[in-house]
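Which chain is which? The protein sequence lines are A and B, in order.
Those letters in the first sequence? Residues 424 to 637, per my numbering, in order.
Those letters in the second sequence? Residues 53 to 486, per my numbering, in order.
The beta-carbon is built from N, C-alpha and C at its ideal position, and this holds for glycine as well.
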Amino acid sequence: MSEAIRFDKVSYRYKGGQQLSFPDLTISKGETCLVIGESGVGKTTCLHLMAGLMKSDAGDVVINGTRINGLSQSAMDHFRGQNIGVIFQQNHFISSLNVIDNVLMSQYLGGVKRDEAFGLELLKRLGMSHKATKKTNALSQGERQRVSIARALAARPSIILADEPTSALDDSNTTEVFRLLKDQADFLGSSLVIVTHDTRLKDLIPHQIELKKA
Amino acid sequence: MNLIKLAYKNIVDKPLNLLLSIILFALGVGLINFLLLFNHQLKEKFEANLAEIDLVLGAKGSPLQLILCNMYHIDNPTGNIAIKDAKPFFNPKHPVIASAVPLSLGDNYKSYRIVGTVPSFLDLYEASLEEGKLWGPPMEVVIGKMVAENTGLKIGDTFLSSHGFTDDEDLAHDHVKFKVVGILKSTGSVIDQLILTQTATIWQVHDHGEAAPVEETDSTESSEEDHSDHDHAEGEHQHDHGNGSLEDLLTHEDEFITSILIKYRSKTSIQALNMPRMINENTNLQAASPAYEINKLIDLVGVGTDGVKAIAYLIAFVSALSIFISLYRAMKERKYELALMRVMGGSRTKIFVLILLEGIFLAVIGWAIGNILSHVGMEVMAKYMQADFRYSFTGKIWLQDELWLLAASILIGIISALIPAISAARKDVNEVLS
């Protein structure tokens with residue numbers, strides 16, 4: 424069983440009535456994949472469906488062999504905590520906690536054994552270990568992104584989902600952030616799915632899935 | 053890291069945001085707790101000083117004043133009564149009265165009242181000697197524990213008294229000295245603050261026939277009070293009241309005392325129930341029932357404490373509202389963090405519990421501050437109240453009710469946090485994040 428994510432005739436209907444159908448797709452374990460498309464084709468919806476933050480109305484979303492659209496709300500939360508790490512375009516943190524505690528929070532909430540050494544190692548790999556005990560609101564935008572990468576990985580998820588991680592960055596930073604993400608995903612042996620409209624990433628990731636308007 | 057720690061960090065991270073809620077809550081709790089401490093001690097002291105006395109007999113006047121003066125020693129006497137009028141109540145074969153103790157007031161030493169009485173007065177308060185002996189001849193006194201502590205009087209010491217009930221050097225009786233012969237053990241009742249002696253002492257200090265002059269208004273004595281020949285003039289009756297026993301006291305029919313403390317043989321007998329009315333209607337004495345008068349007083353004071361209580365509850369309610377608003381606002385401000393917690397695998401239940409814990413923390417912090425405030429406040433107030441009430445209040449006691457107040461505080465914290473917690477838990481993550 425080498426597939427990490429599979430979409431099988433998945434469609435989602437918005438509250439307004441608009442319906443989106445997604446192409447069938449398969450992403451293997453350890454693979455890096457780009458999901459691209461114009462604005463409004465449902466890229467974020469696609470990511471939320473993969474993360475189990477939304478439920479498909481039809482078809483199956485299968486993650487690591489589990490049909491997640493069949494899971495209950497709490498089972499889904501637990502499943503996500505154990506299997507999936509998510510990086511958002513906007514990096515939010517628990518403001519009362521320092522950097523390392525924010526990173527370790529994903530272990531606690533994911534129901535994974537606390538491993539501070541691993542959290543610190545991730546920060547070190549991302550060049551952020553000197554900020555471990557700093558409050559998150561003292562971080563620059565770039566630093567926030569690195570910390571949120573560390574946080575997404577701290578619970579050792581087998582799948583990492585990133586939503587527009589580079590859209591606000593210049594060319595050199597775009598390449599750097601991608602490398603950081605890719606290196607950490609390879610370090611964990613995790614699949615990496617980047618959802619973006621940023622065409623600069625096209626040259627870096629061969630496996631691309633393009634979403635089109637129905 | 054767990055939810056308790058996170059809730060705590062969320063509270064202390066931005067203390068200013070929650071300061072108002074906490075201060076309000078502490079104020080409400082502090083006020084209620086103060087009332088608990090105050091009422092508990094007031095009731096305890098009132099009851100300790102009831103000393104199972106069923107009736108107080110004295111001169112006509114306000115019954116409450118009679119009680120306050122002769123049992124609690126905080127008001128002035130209503131006047132004096134002649135021994136010949138009082139005599140029937142001391143009859144050991146009296147069908148209704150089991151025991152009767154005479155009291156004579158009139159002087160003080162540094163505001164501590166000097167009470168002329170008989171040894172059975174000690175039995176009323178279950179008091180016993182800590183050191184020394186019981187008073188013997190006139191001018192020998194036994195002092196209460198608090199008198200000893202606060203005046204520094206020791207056995208063998210002598211002192212001059214002051215006329216009346218306030219410490220005033222101009223009114224000093226400087227012709228006769230009292231001598232301390234005994235100190236009582238602490239009882240927690242009013243006897244700790246009294247100076248006891250035999251009745252004749254009071255007569256001796258004052259002019260004959262004015263056993264216990266009460267107010268400045270009846271101090272016609274001043275002209276007669278020729279101190280220089282006081283001793284000589286009264287030499288005649290020095291031998292008279294020698295032993296201070298009740299029998300001896302009753303032989304002085306023309307002398308006066310201030311009051312009689314009476315215990316019934318049976319509180320519920322018809323005669324006992326009728327006795328106060330009979331006395332008030334048929335004699336020139338006044339009978340007052342301590343339990344009745346004190347309940348009346350507590351009811352009156354109760355109106356005051358009820359008012360304060362109502363204010364305290366109002367503050368508690370407003371503070372609950374304030375906690376609710378703080379948490380609701382904090383929850384809105386932190387909607388991204390809460391959504392992220394869900395993304396990281398936190399269940400709705402965890403979010404719900406987190407907000408609830410924050411409410412509980414706020415309430416417990418408020419309770420703790422309020423509790424400390426009330427104890428410190430009680431301790432500070434105690435110093436002022438001791439002089440006014442003749443009671444020693446303290447802030448250093450703990451009541452079981454305070455734990456109930458903690459439980460109630462936690463409940464208020466939970467209730468205030470309930471709506472924010474539910475709405476935080478029900479939020480759809482994808483709506484917040486997309």
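Thinking C-beta only, is residue j closer than 7 angstroms to residue i?
i                 : j                 : result
Leu543 of chain A : Arg569 of chain A : no
Ser613 of chain A : Ile450 of chain A : no
Val199 of chain B : Ile247 of chain B : yes
Pro154 of chain B : Ile363 of chain B : no
Ile523 of chain A : Ala555 of chain A : yes
Ala585 of chain A : Ile632 of chain A : no
Thr210 of chain B : Lys231 of chain B : yes
Ile412 of chain B : Gly354 of chain B : no
Leu116 of chain B : Glu345 of chain B : yes
Gly158 of chain B : Ile74 of chain B  : no
Ala477 of chain B : Arg394 of chain B : no
Leu634 of chain A : Val433 of chain A : no
Cys456 of chain A : His620 of chain A : no
Gln478 of chain A : Asn487 of chain A : Note that residue 478 of chain A is Lys in the sequence shown, not Gln. No, they are not a contact pair.
Closest Cβ-Cβ distance between residue i and chain B: below 7 angstroms?
i                 : result
Arg503 of chain A : yes
Val526 of chain A : no
Ile517 of chain A : yes
Asp606 of chain A : no
Val509 of chain A : yes
Val618 of chain A : no
Asp621 of chain A : no
Met499 of chain A : no
Ser495 of chain A : no
Ser529 of chain A : yes
His630 of chain A : no
Thr597 of chain A : no
Met477 of chain A : yes
Please report the residue range of the beta strand (DSSP E) in which residue i lies.
i                 : result
Thr598 of chain A : Element bounds for Thr598 of chain A: not the beta strand (DSSP E) but the alpha helix (DSSP H), Asp594 to Leu611.
Pro154 of chain B : Ile149 to Tyr161
Asp447 of chain A : Element bounds for Asp447 of chain A: n/a, residue is neither H nor E.
Ser214 of chain B : Thr210 to His215
Ala339 of chain B : Leu337 to Ala340
Ile632 of chain A : Gln631 to Glu633
Leu118 of chain B : Element bounds for Leu118 of chain B: not the beta strand (DSSP E) but the alpha helix (DSSP H), Pro115 to Ile119.
Ser614 of chain A : Ser614 to Thr619
Gly192 of chain B : The question names Gly, but residue 192 of chain B is Glu in the sequence shown. Here the beta strand (DSSP E) through Glu192 of chain B covers Glu192 to Ile195.
Lys315 of chain B : Ser311 to Tyr316
If you reduce the DSSP assignment to three classes, tell me which class residue i lands in.
i                 : result
Glu539 of chain A : helix
Glu385 of chain B : helix
Asn487 of chain A : coil
Lys432 of chain A : strand
Arg567 of chain A : helix
His279 of chain B : The predicted model places His279 of chain B with a pLDDT of 42, which falls under 50 and marks its position as unreliable; any figure quoted below should be read in that light. In the structure shown, His279 of chain B sits in a helix (DSSP, three-state: H, G or I).
Thr249 of chain B : strand
Asp586 of chain A : strand
Glu183 of chain B : strand
Gln442 of chain A : strand
Leu177 of chain B : According to the sequence provided, residue 177 of chain B is Tyr. The question's Leu does not apply to it. Looking at Tyr177 of chain B - three-state DSSP - the assignment turns out to be coil, as it is neither helix nor strand.
Gly482 of chain A : strand
Val428 of chain B : helix
Arg329 of chain B : helix
Phe491 of chain B : Only positions 53 to 486 of chain B appear in the structure, and residue 491 of chain B is not among them; the question remains open.
Phe77 of chain B  : helix
Could you please give the first and the last residue of the uninterrupted alpha helix (DSSP H) stretch that includes residue i?
i                 : result
Ser468 of chain B : Gln452 to Arg478
Ala103 of chain B : Premise fails: Ala103 of chain B is in no alpha helix (DSSP H) and is neither H nor E.
Ser518 of chain A : Here Ser518 of chain A belongs to no alpha helix (DSSP H), and DSSP marks it neither H nor E.
Arg503 of chain A : Gln496 to Asn506
Tyr60 of chain B  : Leu55 to Asp65
Val242 of chain B : Premise fails: Val242 of chain B is in no alpha helix (DSSP H) and is neither H nor E.
Thr467 of chain A : Lys466 to Ala474
Shorter than 6 angstroms, the distance from the beta carbon of residue i to the closest heavy atom of the ligand MN, or not?
i                 : result
Asn202 of chain B : As presented, the structure is devoid of all ligands, the ligand MN included, so that no description of it is given.
Closest Cβ-Cβ distance between residue i and chain A: below 7 angstroms?
i                 : result
Val416 of chain B : no
Lys237 of chain B : no
Val353 of chain B : no
Asn62 of chain B  : yes
Asp65 of chain B  : yes
Ser399 of chain B : yes
request  = Please name the residues in the region 364 to 397 of chain B whose beta-carbon is closer than 7 angstroms to at least one beta-carbon of chain A, in chain order.
outcome  = Tyr388, Glu389, Leu392, Met393, Arg394, Val395, Met396 and Gly397
key: Interfacial residues, the region 533 to 564 of chain A to chain B, with Cβ spacing under 7 angstroms   = Gly533 and Gly534
task = Check distances from the C-beta atoms of the region 72 to 85 of chain B to those of chain A and list, in chain order, the residues that come in under 7 angstroms.
result = Hits within the stretch: zero.
Interface positions of the region 467 to 486 of chain B facing chain A (Cβ-Cβ less than 7 angstroms), listed along the chain = Val481, Asn482, Leu485 and Ser486
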